[in-house]
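To start, the structure under review is shown below, and the notes come after it.
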Amino acid sequence: MSKMSSESGSGKDVLGGGESGGFDEAVEERVINEEYKLWKKNTPFLYDLVMTHALEWPSLTAQWLPDVTRPEGKDYSVHRLILGTHTSDEQNHLLIASVQLPNEDAQFDASHYDNEKGEFGGFGSVSGKIEIEIKINHEGEVNRARFMPQNPCVIATKTPSSDVLVFDYTKHPSKPDPMGVCTPDLRLRGHQKEGYGLSWNPNLNGYLLSASDDHTICLWDINAQPKENKVIDAKTIFTGHTAVVEDVAWHLLHESLFGSVADDQKLMIWDTRSATHNKPSHTVDAHAAEVNCLSFNPYSEFILASGSADKTVALWDLRNLKLKLHSFESHKDEIFQVQWSPHNETILASSGTDRRLHVWDLSKIGEEQSAEDAEDGPPELLFIHGGHTAKISDFSWNPNDPWVICSVSEDNIMQVWQMAENIYNDEELDAPASEVDDK
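The opening position of the sequence shown corresponds to residue 1 in UniProt numbering, with each subsequent residue numbered one higher.
Take a look at the structure:
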């Protein structure tokens with residue numbers, strides 16, 4: 001973890017592979033830099049928006065909050081993000097940041113790139129588009145932070161200890177206690193080790209699931225009466241996986257259904273109404289390696305996706321889990337995040353160790369391709385975001401502005417970006433190939 005105070009650009013060629021076979025580190029770094037220069041050169045053709053911001057410390061987590069304000073007479077809207085810190089040995093914080101995004105009618109000139117700031121200008125003032133508004137002391141790095149859908153002021157966090165913490169950020173000063181005391185509003189107990197997976201039930205207020213390295217999944221009801229020291233014990237502990245549980249997700253319509261994925265290469269579907277907590281309703285041998293993430297489709301109640309260390313994203317139908325619907329293949333390394341678009345039923349994004357975020361369109365599966373196009377990837381691969389020069393830790397689709405994504409990487413960089421409209425709007429002509437410079 002390195003501390004950073006100055007703004008700096010980051011990114012990499014959308015067209016380059018980013019593979020680093022048996023290179024030594026110096027060569028790999030040179031390759032990454034070359035790819036980045038190529039990416040930067042092509043950004044005007046590939047994006048409608050790119051904002052790059054260097055955080056003081058890297059964030060392992062990113063999630064847009066659901067609110068947006070549109071100040072009168074301004075050509076931008078203000079959105080907010082939940083971030084965290086991963087410091088070396090200094091105090092860690094849970095963060096709320098504000099982000100100004102240009103309105104559609106704002107004059108945005110993508111060809112103007114400020115090398116010093118590492119940001120695209122042409123809209124409003126180049127600086128001050130991203131600001132940290134709230135800092136709350138946190139115990140150790142923030143592995144993941146997610147807001148409760150029924151009350152987005154309430155945020156749960158995963159820590160390097162076995163505790164899951166819950167903060168109502170309205171009850172904390174925006175400037176933290178300099179002594180570094182962490183005072184969560186609740187402390188959720190039940191795990192023996194740390195982890196990453198965290199999911200609030202969208203249909204049951206206060207029901208929170210957590211996945212852990214201790215091979216279990218814990219369920220809490222945060223509306224339960226806390227014991228002393230604001231502690232709530234797990235309501236249920238689910239034991240079915242035989243290895244680290246990487247991720248967990250509630251079904252978006254059925255309040256008692258959830259899914260989990262683990263290093264045992266399995267996807268499990270659970271029903272909280274079941275009398276047994278050690279046996280899931282369904283178990284699937286999902287991938288040829290560890291399964292790191294899963295996401296239920298918000299528009300199609302039977303469809304979900306899982307991402308794996310085998311470099312693929314798998315598509316599943318809950319009605320027939322014996323059969324994998326599709327395997328998305330194009331990543332060069334482990335996949336750690338997968339998220340469906342909140343606005344388009346067929347759009348899915350994935351990211352991970354290869355420093356790339358891939359956006360997929362299910363509706364293009366099986367489309368005919370020219371040999372030249374096939375070299376760039378399968379027809380369902382809509383876009384590769386190549387702006388990061390380190391592993392992507394997390395990303396989030398903006399719930400209010402379609403096609404806007406925030407992604408954070410291990411080298412402190414946060415990018416807020418939107419691919420060019422002609423890429424996802426088939427009706428429009430694609431940019432002439434001659435315009436995209438791959439030299």
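Just so you know, even glycine gets a beta-carbon here, dropped at the ideal spot from N, CA and C.
No experiment lies behind these values; they were computed from the predicted model shown.
Below 8 angstroms, too few C-beta pairs join the segment 368 to 378 and the segment 392 to 412 to call them touching: fewer than three.
Burial state of L362 is buried, judged by a 10 Å Cβ sphere holding 16 or more other Cβ atoms.
Taking a C-beta distance under 9 angstroms as the contact criterion, S199 and A249 qualify as a contact pair. With a beta-carbon spacing of about 4 angstroms, T85 and W57 fall inside the 8 angstroms limit used to define contacts.
In this structure, L294 lies near G307, with their beta-carbon atoms less than 9 angstroms apart.
H358 has its alpha-carbon roughly 26 angstroms from the corresponding atom of D24. Per DSSP, A97 lies in no alpha helix (DSSP H); the unbroken beta strand (DSSP E) holding it starts and ends at 92 to 102.
N223 carries a coil assignment under DSSP once its states are collapsed to helix, strand and coil. By alpha-carbon distance to H343, the top candidate from D213, V404, K41 is V404. Scanning N297, E301, S260, E290 for the CA closest to the CA of S281 turns up S260.
Excluding five sequence positions before and after Q369, the CB atoms of its chain that fall closer than 6 angstroms to its own CB belong to P379, given in chain order. For R30, the enclosing alpha helix (DSSP H) begins and ends at 25 to 46. Under the 8 angstroms Cβ criterion, the segment 229 to 247 counts as touching the segment 256 to 272, having at least three qualifying pairs.
About 7 angstroms separates the Cβ atoms of T236 and T272, confirming a contact at the 8 angstroms cut-off.
Annotation: A314 to H287 spans about 8 angstroms, alpha carbon to alpha carbon.
Judged by their CB atoms, V284 and W316 are nearer to each other than the 9 angstroms cut-off. A distance below 9 angstroms separates the beta carbons of F167 and I136.
The continuous stretches of beta strand (DSSP E) do not include Y299, and DSSP gives it neither H nor E. Spanning the alpha carbons of C218 and Q418 requires a straight line of approximately 36 angstroms. Annotation: the continuous alpha helix (DSSP H) that includes N422 extends over 421 to 424. Taking the C-beta atoms as reference points, T87 is found nearer than 9 angstroms to E141.
Where A262 is concerned, the enclosing beta strand (DSSP E) starts and stops at 257 to 262. Where A374 is concerned, the enclosing alpha helix (DSSP H) starts and stops at 371 to 376. An exposed status is given to N151, since fewer than 16 other beta-carbon atoms sit within 10 Å of its beta-carbon. Under the three-state reduction of DSSP, T346 is assigned to coil, being neither helix nor strand. The C-alpha of A234 is placed about 45 angstroms away from the C-alpha of Y47. Rounded to whole angstroms, the separation of the alpha carbons of D75 and A309 is 42 angstroms. At a Cβ-Cβ threshold of 9 angstroms, R144 and D411 do not count as neighbours.
The beta carbon of F383 is closer than 7 angstroms to those of V359, M419, I423 in its chain, skipping five residues each way along the sequence. Distance from the Cα of D247 is smallest, within the candidate group S210, C182, K279, for S210. In the DSSP assignment, W250 falls within the beta strand (DSSP E) that extends over 245 to 250.
Shown here, T312 sits in a strand according to DSSP, grouped into three states. Between the C-alpha atoms of D89 and E72 there is a straight-line separation of about 43 angstroms. L101 sits away from I82, with the two beta carbons spaced by 9 angstroms or more. Look at S351 here: in three-state DSSP terms it is strand. Within 10 angstroms of the beta-carbon of Q225 lie fewer than 16 other beta-carbons, which makes it exposed.
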